[in-house]
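For the sequence shown, the positions run 2 to 125 when our numbering is used.
Virtual Cβ for every residue (Gly too), placed ideally from N, Cα, C.
From a predicted model like this one, the values you see are computed outputs, not experimental measurements.
One structure is given below, encoded as structure tokens.
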Amino acid sequence: FYQRHLRPDASEKHLLGVSKLATLFWGLFGCGVALYAGQLGSLLEAVNQVGSFFYGSLLGVFLLAFLVKTSNGNGAFWGLLAGMGSVFIVAQTTDISWLYYNVVGSLTVLVVGTIVSWMSSTGD
């Protein structure tokens, strides 16, 4: 990629230096990721912890669409943003388990999405 797109006229010496730097960078990056991952516990738990910031809010959007007949795009959008924001705030300010983040996100999306949909409805 580097030789073809960035420096097609580069010398062999230059390309060798760039490849050594790239190898060093990716080696250090991989070691850093491995050290961080070693502190997380199981991989499945780590993936679920990260995903719990988003899964509940996405579930809330689907529930909003299925359960609230007057829901609209504005409600879904602002509900989703509010849901993810509420999960982030709860994660930073409380000690509840990450397993409950999905419930917080879903309920926030349903409440905010319903209110925004009602306020932005055109009356059709």
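Counting beta carbon pairs with one atom in the region 90-99 and one in the region 56-72, are three or more of them shorter than 8 Å? No contact exists between the region 56-72 and the region 90-99.
Check whether the Cβ atoms of G61 and V110 lie closer than 8 Å to each other. yes
Extent of the continuous alpha helix (DSSP H) run through Y101: Counting along the chain, Y101 falls outside any alpha helix (DSSP H), and DSSP gives it neither H nor E.
Have a look at A83 and G52 and give me their C-alpha separation to the nearest angstrom. 17 Å
DSSP three-state label for K21, please. helix
Reducing DSSP to helix, strand and coil, say where K14 ends up. Reduced to three states, the DSSP call for K14 is helix.
Would you mind stating whether L1 and S58 have Cβ atoms separated by less than 8 Å? Nothing in the structure corresponds to residue 1, since the chain is present only between 2 and 125.
Going straight from the alpha carbon of L22 to that of G33, what length do you get? Those two C-alpha atoms are separated by around 16 Å.
Leaving aside the five residues before and after R5 along the sequence, list all residues of the same chain whose C-beta is less than 8 Å from its C-beta, in chain order. For R5, where only same-chain residues beyond five positions count, there are no Cβ hits under 8 Å.
Under the three-state DSSP convention, the category F2 falls into: coil
For V69, the three-state DSSP class (helix, strand or coil): coil
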